[in-house]
Structures are given as C-alpha cells and as structure tokens.
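Working notes, beginning with the structure itself.
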Amino acid sequence: MTEALWKTEWQVEVDGQDMTSGMRPYLTDISVTDEAGAASDRCSLTFDDTDGVLKMPTPGGSVRVRLNGVQVFSGILEAPRSTGSRGGGRKLSVSAKGFDPAGKAKEPQALHQDDGTVGGFLKKLGERAGIDVEVGSELASIVRDYLVADHESLLHVGERLARELGGTFKLRDGNRAVLIKRGLDHSLPAVACRFSGARANGISWSISPVTGRKTFKSVKVRYFDRETADFHEEEVAVEQDRDGPDTVNRVRTTAADKQQATEIAGARSEEIRREGGEGTVTLDLAPEAQAEGVCMVSGARPGINGSYRIVSVTHRASRSSGATTTLSLKQPGDGAGLDDR
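So for the sequence shown, full-length UniProt numbering puts the first residue at 1; every next one is plus one.
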C-alpha cells in the first residue's frame with residue numbers, strides 16, 4: 001500500500017508499544033473526545049482495511065494517542081468494528097474509552113463512614129474498585145458526619161457527590177478517577193479562539209451567550225438545626241454578569257445541617273451560572289484544550305467575544321484534510337452576553 005502523507009503529527013501506543021510506524025500506511029482518521037463530568041473520554045481510530053490485511057486488535061488493551069506531541073487520550077480498547085460493501089472497500093474502526101466499562105468502577109459497593117472526609121471516603125471506594133482516586137484540595141477536606149455507598153458503584157457515588165458539592169467527577173486513563181471543584185483554574189491551559197487578525201485560528205462559531213432558561217438571583221436550601229430543633233434555610237447568591245428578576249431557586253432536598261446546606265446551595269448557584277449560555281466553536285487543532293478549561297473568544301462580534309468554560313473537546317484529524325478542534329462552551333463571562341452599543 002502506498003503511504004499517504006499526514007498533515008498532522010500523531011503517535012499511537014498500544015500496551016506501551018509505539019505502533020505509529022506500523023499504522024501509518026493504514027490509519028485514515030482520528031477522533032478524540034474529552035468531556036467534563038462522568039461521561040467517559042472516547043477515541044476512535046479508522047483504518048483502510050483493503051483486502052482485510054489488518055489484524056483485529058484485542059479488547060482490553062491500553063492505548064495512548066498524541067497529536068502534535070501532546071497526549072490527548074489514554075484509555076482501554078473496546079471491540080473493533082469492520083464495515084464494508086461488495087464494491088465499496090473495507091474499513092476497520094477501533095474505539096476506546098477512558099475507563100474499562102467491564103471493570104469494577106461500576107460494581108455496586110456497600111460501605112459507610114462516620115465523621116470523615118469526602119476525600120477519604122472516595123479513596124476507600126477507589127481501593128475496592130482498583131481505581132486510584134484523586135480529590136482536589138477544595139473538596140477533599142470537607143467533613144461529613146455520615147457518608148454511605150448503599151449498594152452504589154464508585155461511579156455513582158462520585159457523580160452524586162459532584163452534584164452536591166459543585167464538582168466534576170471523572171474516570172480516566174484506565175485506572176484513575178478525579179473529583180475537582182468546578183469553575184476554578186486547576187492550572188489547565190486557556191485556549192484562545194481568534195476570528196480576526198494575523199493570528200486568527202478560529203474556523204466557525206455558533207454561540208447563544210444568554211439562554212432562554214429562567215435565571216435566579218439566589219438559591220435556598222432547607223436544613224434541620226439540632227440545637228434549636230427546628231428547620232431553617234440557607235441562602236447563597238448567584239453571581240451573574242447581567243440583571244434579572246429577583247427570583248429564588250429552592251432546592252427540594254433537606255440538608256442534614258447548615259454546612260451541608262451551604263455546600264448544596266453553592267453547588268446549585270454554580271450550576272445556574274454555568275448554564276447561563278452555551279455554544280460551540282471550531283478552530284485549528286488545539287491539542288492543549290481540556291474540558292473544564294477556559295476558552296477566550298475574540299474577533300467574533302460584541303456580545304459574543306469573552307470567556308467561556310469548556311465542557312467538551314473533540315479533536316478530529318484526517319489523513320486527507322488536516323485537523324480541527326471543536327469546543328462545547330458554557331458559562332459566559334468577561335463581556336460575553338453584553339452588547340452595550
């Protein structure tokens with residue numbers, strides 16, 4: 001087979017072995033998606049399987065993908081899929097996920113903890129599932145009187161605590177899990193998407209910086225105060241860049257105490273702020289882009305230019321047409337949504 005030239009530098013490792021040279025004559029397309037939250041990272045490699053000469057890979061192996069020298073995926077191989085027709089040639093698609101869906105991350109567990117930290121509890125669950133759990137410092141030291149996994153998996157408990165604490169829980173790299181606070185820097189690189197000027201790298205945008213959803217000025221959570229033997233409410237303001245009606249979002253769940261009520265209200269406040277706008281941009285390949293990072297949009301138009309939180313990243317590289325990155329965006333800021341002309 002004649003080897004076609006790629007415009008993008010790429011590298012693929014399988015079970016620690018560099019397979020780039022062997023794949024180069026056959027690999028036609030690479031797609032990698034990194035999403036915030038519990039949705040698994042995904043990778044797809046498409047090969048020209050003319051005459052069926054390629055060996056089918058074994059599911060369960062580890063795979064790493066780099067684009068322009070930057071690692072954009074690490075995970076576990078799934079079952080390959082062959083497609084073709086009598087006169088249309090053959091293709092072999094190999095997919096992978098950020099964690100093993102057949103592993104213990106989804107296995108129900110029964111565990112409880114009294115007077116301990118969120119970080120300590122998740123690490124115990126992770127040990128049972130064979131997963132190395134990392135919890136950001138903002139959440140790891142939070143103390144709870146009682147934490148329980150009532151026949152719930154590590155994935156389920158992680159998602160539940162993330163919603164309650166305003167965090168993002170993610171399984172990745174095959175055997176790692178992370179829980180971090182949303183809306184913080186976390187040392188992730190910012191991505192500049194410029195639609196004008198000599199350094200323009202933006203290709204297209206579709207952004208609604210102000211959603212039609214109802215906005216709230218504050219969040220209230222009910223909790224039980226043991227000292228007064230009565231119910232009270234904790235209120236947290238929602239930070240917004242624009243004016244809105246003086247409305248309150250009341251959480252139906254009753255918290256165990258004032259601290260938990262404050263944490264739940266803060267998480268809901270951050271969620272409302274995050275959902276204030278949404279959209280997508282496509283730009284030249286930006287392998288450094290990561291979910292939960294920040295994208296700075298410029299050169300589009302007033303009301304659109306500004307900062308956004310990245311909620312998903314999709315890299316696409318093709319042997320025939322180069323490479324692009326598509327970012328799904330939320331949480332507009334720094335002037336996005338404001339047109340004061």
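Just so it is clear, CB atoms sit at the ideal spot from N, CA and C, and this is done for glycine as well.
- As for any alpha helix (DSSP H) of minimum length 4 sitting wholly inside the stretch 253–304, the runs are 258–274, ordered along the chain.
- Burial check for Gly-276: the Cβ neighbour count within 10 Å reaches 16 or more, so the residue is buried.
- Less than 8 Å separates the beta-carbon of Thr-33 from that of Arg-42.
- In its chain, beyond the 5 residues on either side, Lys-330 and Gln-331 have a beta carbon closer than 6 Å to the beta carbon of Arg-309.
- In this structure, Ser-62 sits away from Arg-81, with a CB-CB distance that is not shorter than 8 Å.
- In the displayed model, Val-63 falls within a strand according to three-state DSSP.
- Taking the Cβ atoms as the reference, Lys-104 lies roughly 22 Å from Ala-140, outside the contact range of under 8 Å.
- In the DSSP secondary-structure assignment, Ala-323 is bridged to Ala-317.
- Under a 10 Å Cβ-count criterion, Pro-25 is classified as exposed, with fewer than 16 other Cβ atoms of the shown protein chains found around its own Cβ.
- Contact check for Thr-324 against Leu-283 passes: the beta carbons are separated by less than 8 Å.
- Boundaries around Phe-121 are those of the alpha helix (DSSP H), 118–129, since no beta strand (DSSP E) includes it.
- Assigned with DSSP and collapsed to three states, Asp-114 falls in strand.
- Phe-224 is the residue among Cys-193, Ser-44 and Phe-224 whose C-alpha sits nearest the C-alpha of Thr-254.
- Excluding five sequence positions before and after Cys-193, the CB atoms of its chain that fall closer than 6 Å to its own CB belong to Gly-202, Val-281, Leu-283, Cys-295 and Val-297, given in chain order.
- Fully enclosed beta strand (DSSP E) runs of no fewer than 3 residues occupy 62–67, 70–77 and 81–85 of the stretch 46–90, in order along the chain.
- Within the DSSP bridge table, the entry for Ala-192 names Met-296 as partners.
- Boundaries around Val-236 are those of the beta strand (DSSP E), 230–237, since no alpha helix (DSSP H) includes it.
- One Cα belongs to Arg-176, the other to Gly-84, and the distance between them is close to 36 Å.
- Taking a contact as a CB-CB distance under 8 Å, the pair Ser-153 and Glu-107 counts as one, their CB atoms being some 6 Å apart.
- Taking the Cα of Val-70 as reference, the smallest distance to any Cα among Pro-287, Ser-312 and Gly-293 is reached at Pro-287.
- The beta carbon of Asp-246 sits closer than 6 Å to those of Lys-217, all from its chain and outside the five residues before and after it, given in chain order.
- In this structure, the CA atom of Glu-13 is about 24 Å from the CA atom of Pro-189.
- Around Glu-270, the same chain offers Gly-166, Arg-182 and Gly-183 as residues with beta carbons nearer than 7 Å, after the five sequence neighbours per side are excluded.
- With respect to the C-alpha of Asp-150, the residue from Gln-113, Val-178, Gly-119 and Val-135 having the closest C-alpha is Gln-113.
- Annotation: Gly-120 to Arg-160 spans about 16 Å, alpha carbon to alpha carbon.
- Taking a 10 Å sphere around the C-beta of Ser-312, we find 16 or more other C-beta atoms and assign the residue as buried.
- With a cutoff of 8 Å on beta-carbon distance, Lys-170 and Val-157 are scored as not near each other.
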